[in-house]
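This report concerns only the one structure given below.
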Amino acid sequence: MSSLLFVLAALVMLSSAPAMSAEDHLVSHLNVNHVDVSIRFQGQSILLFGAVSRGTDVIIEVVSPNEPLELARKSRFGPVWLESGHVTVRSAPGLIYLLSSRPISELLGPGARRELGLTLDRVLDSAVISGDSGAKPQWGAALLRLKRQNGDYVEQDHGVSLEGGRLFYTHVDLPAQAPLGRYRVSIYLVRDGEVVQRQQQNLVVQEVHLVHWLSHTAHVYGWTFGALFTLGVMILGFVLGVALRPSRNA
Numbered sequence: 000m001s002s003l004l005f006v007l008a009a010l011v012m013l014s015s016a017p018a019m020s021a022e023d024h025l026v027s028h029l030n031v032n033h034v035d036v037s038i039r040f041q042g043q044s045i046l047l048f049g050a051v052s053r054g055t056d057v058i059i060e061v062v063s064p065n066e067p068l069e070l071a072r073k074s075r076f077g078p079v080w081l082e083s084g085h086v087t088v089r090s091a092p093g094l095i096y097l098l099s100s101r102p103i104s105e106l107l108g109p110g111a112r113r114e115l116g117l118t119l120d121r122v123l124d125s126a127v128i129s130g131d132s133g134a135k136p137q138w139g140a141a142l143l144r145l146k147r148q149n150g151d152y153v154e155q156d157h158g159v160s161l162e163g164g165r166l167f168y169t170h171v172d173l174p175a176q177a178p179l180g181r182y183r184v185s186i187y188l189v190r191d192g193e194v195v196q197r198q199q200q201n202l203v204v205q206e207v208h209l210v211h212w213l214s215h216t217a218h219v220y221g222w223t224f225g226a227l228f229t230l231g232v233m234i235l236g237f238v239l240g241v242a243l244r245p246s247r248n249a
């Protein structure tokens, strides 16, 4: 409800602004540019809105930092399925969202999309696949299929709403397991099959200090963290046992 009210207020404010000149213009804004991730983080919806020249369309690209991914392939040997291949994928973004006011294929040609990187499969150009790299095309196809199934790589036609031909808004939904780091948010203004304006903003997703310290310690000092955690639980159990032990009258 608060996001809807925010959008309505933005539309009223922008519609009362002076008319734009004949030159193409793009104005955009994120309602937040910093997201704190705590233990209770369940995801967050980010509002992106702004104003454009009449007769134009909008494409929004959201790209998260790279996130390593392990992929395994299973093959059937008789009555059982066994792992027959394993790779690690690096230099591939954890999330990619392509949102547009109309289907991107209608707004830009294949060459322009490839040049601007506005395709989901462009991630294969920079992805580093180590392991069974002899079958990289197959692993790349599996990566895209898995990411699309999980909703991590999304191309959404009509994902950007245009009001009155000038005002646009969309929601960028971050999942509970959103990658940490600096996200690149690119906004493209398109007219007659060409990008006439482009803006870029940053969105920082960061763990709060205590959670970050615990996560870093558990990752780097796994055995030590596990031993100290177990010891702490034992001490807590002992203290609670003593405190809650029923008293005996002499």
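Heads up: the sequence shown begins at 0 in numbering that gives the first Met the number 0, then just goes up one per residue.
Glycine residues also receive a C-beta, built at the ideal position from the N, C-alpha and C atoms.
Pair within 8 Å by beta-carbon distance, residue i and residue j
i      : j      : result
Leu94  : Val61  : yes
Val184 : Leu25  : no
Leu106 : Thr169 : no
Arg144 : Thr55  : no
Tyr152 : Val57  : no
Ile45  : Leu173 : yes
Asp156 : Arg101 : yes
Pro67  : Arg39  : no
Ile103 : Leu117 : yes
Ser63  : Gly180 : yes
Member of the options whose CA lies at the smallest distance from the CA of residue i
i      : options                           : result
Ser52  : Val204, Arg72 and Glu22           : Glu22
Val86  : Ser27, Val204, Gly130 and Phe40   : Gly130
Arg72  : Trp138, Glu193 and Asp191         : Trp138
Ala177 : Gly150, Arg113 and Gly49          : Gly150
Leu47  : Ala226, Gln198 and Val207         : Gln198
Glu154 : Val195, Val171 and Gln200         : Val171
Asn65  : Gly192, Glu193, Val195 and Tyr182 : Tyr182
Gly108 : Gln200, Gly192 and Ala140         : Gly192
Tyr96  : Pro136, Lys146 and Ser125         : Lys146
Rounded distance between the beta-carbons of residue j and residue i, thought under 8 Å
i      : j      : result
Gln205 : Val36  : 7 Å
Leu70  : Leu123 : Actually they are not in contact, since the Cβ atoms of Leu70 and Leu123 sit about 13 Å apart, beyond 8 Å.
Val34  : Gln41  : 12 Å between Cβ atoms; not a contact.
Leu115 : Val195 : Between Val195 and Leu115 the Cβ distance is about 13 Å, and since that is not below 8 Å, they are no contact.
Counted within 10 angstroms of its Cβ, other Cβ atoms place residue i as buried (16 or more) or exposed
i      : result
Leu331 : Beyond the ends of the chain as shown, which are 0 and 249, falls residue 331; an answer cannot be given.
Arg259 : Only positions 0 to 249 of the chain appear in the structure, and residue 259 is not among them; the question remains open.
Arg92  : First, the residue type needs correcting, since residue 92 is Pro and not Arg in the sequence shown. With 16 or more other Cβ atoms within 10 Å, it is buried.
Gln148 : exposed
Leu230 : exposed
Ala50  : buried
Met233 : exposed
Ile59  : buried
Ser27  : buried
Gly110 : exposed
Ser20  : Summary for Ser20: the model assigns pLDDT 47, below 50, so the residue's position carries little reliability; its value from the coordinates is reported in the next sentence. Exposed is the call here.
Ala18  : The pLDDT assigned to Ala18 is 49, lower than 50, so where the model puts this residue is not dependable, and the model offers no usable value.
Met12  : Here Met12 scores only 48 on pLDDT, less than 50, and its place in the model is too uncertain to base an answer on.
Runs of beta strand (DSSP E) lying entirely within the region 132-176, each at least 3 residues, in chain order:
152-155, 160-162 and 166-173
Going residue by residue through the region 26-90, where are the continuous beta strand (DSSP E) segments of at least 3 residues, counting only ones entirely within it?
33-36, 43-51, 56-62, 68-76 and 79-89
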